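Here is the structure we will look at.
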Amino acid sequence: MPEKDKKLDEIYKLVRANNKMLRGMKRAAFWGTVLKLIIYAVLLGVPVYLYFTIFQPILAELLNAYAQLQETGAQIQETGNQLRSVTDGLPLDKISEIFKKLPGVGQ
Numbered sequence: 106m107p108e109k110d111k112k113l114d115e116i117y118k119l120v121r122a123n124n125k126m127l128r129g130m131k132r133a134a135f136w137g138t139v140l141k142l143i144i145y146a147v148l149l150g151v152p153v154y155l156y157f158t159i160f161q162p163i164l165a166e167l168l169n170a171y172a173q174l175q176e177t178g179a180q181i182q183e184t185g186n187q188l189r190s191v192t193d194g195l196p197l198d199k200i201s202e203i204f205k206k207l208p209g210v211g212q
């Protein structure tokens, strides 16, 4: 009987050690998962935070300036078209003759 008791004691100690090791592995796996979730949240959250706090106002200003630039370009083009339509109706050959008759302008 004492031999059986020794073996049972040995098995009991091995089971306790195994249980302790398994609990430690489970705890390490849990905290590893929590840490991974935190890392992924930071990796995804920081760019979103930076976009809304820093980059979005800057991009809004740039897009607004670009829209104003396009509007100014369209206005310049429209002014050029208006000037072209005004000068198309002028008799330039008669105007050049008048300038040639002025003293000191044309000779």
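Going by the numbering used here, the first residue of the sequence shown is number 106, and it counts up by one from there. Quick reminder that beta carbons are idealized off the backbone N, C-alpha and C, glycines included. Model, not experiment: these values are computed from the prediction.
Where the alpha helix (DSSP H) containing residue i begins and where it ends
i, result
"LEU188", "161-193"
"MET106", "It is not in any alpha helix (DSSP H) - MET106 carries neither H nor E in the DSSP assignment."
Three-state secondary structure (DSSP) of residue i
i, result
"PRO208", "coil"
"PRO196", "coil"
Alpha-carbon to alpha-carbon, residue j and residue i
i, j, result
"LYS112", "ALA146", "50 Å"
"GLN161", "GLY137", "34 Å"
"THR192", "ASN186", "10 Å"
"ALA134", "LEU155", "32 Å"
"LYS205", "PRO196", "15 Å"
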